[in-house]
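Visitor: In the working numbering, the protein residues as written are -7 to 105.
For each residue, glycine too, the CB sits at the ideal point set by N, CA and C.
Every value quoted in this text rests on a predicted model; they were computed, and no experiment measured them.
Let me give you the structure first, and then I'll get to my questions.
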């Protein structure tokens, strides 16, 4: 990292918070069926991943449903998972997912929204 005087800063001088994350920050997942879709990020700076339904559903106004993703996830240690509504869908279509919290550090449970 160049300093203002043109010299290089040592690795020890770089804030630990600014160091790149290693494999410990990677979301691990497993597809359980051929219907499952790999979670994606909307951009490289996105804070979370987009999840996809493994099946087609028709949910009426004010109705509730459990939507299967057919994936398992393992949240990285030191992190927690939270299923949250997408801002665009929530604002335009009043869709809510109930803010489910996940603390899964292995691939032991499958994810439903």
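Assign residue 61 to one of two classes, buried (16 or more other C-beta atoms within 10 Å of its C-beta) or exposed (fewer than that).
Guide: buried
Visitor: On the criterion of 16 or more Cβ atoms from any shown chain inside 10 Å, does residue 38 qualify as buried, or is it exposed?
Guide: exposed
Visitor: Extract the residue ranges of the beta strand (DSSP E) inside the segment 19 to 82, only unbroken runs of 3 or more that lie entirely within it.
Guide: 20 to 23, 60 to 66
Visitor: To the nearest angstrom, how far is the alpha carbon of residue 75 from that of residue 46?
Guide: 16 angstroms
Visitor: Report the rounded CA-to-CA distance for residue 69 versus residue 55, giving the unit in angstroms.
Guide: 35 angstroms
Visitor: Between the Cα of residue 32 and the Cα atoms of 78, 84, 86, which residue gives the shortest distance?
Guide: 78
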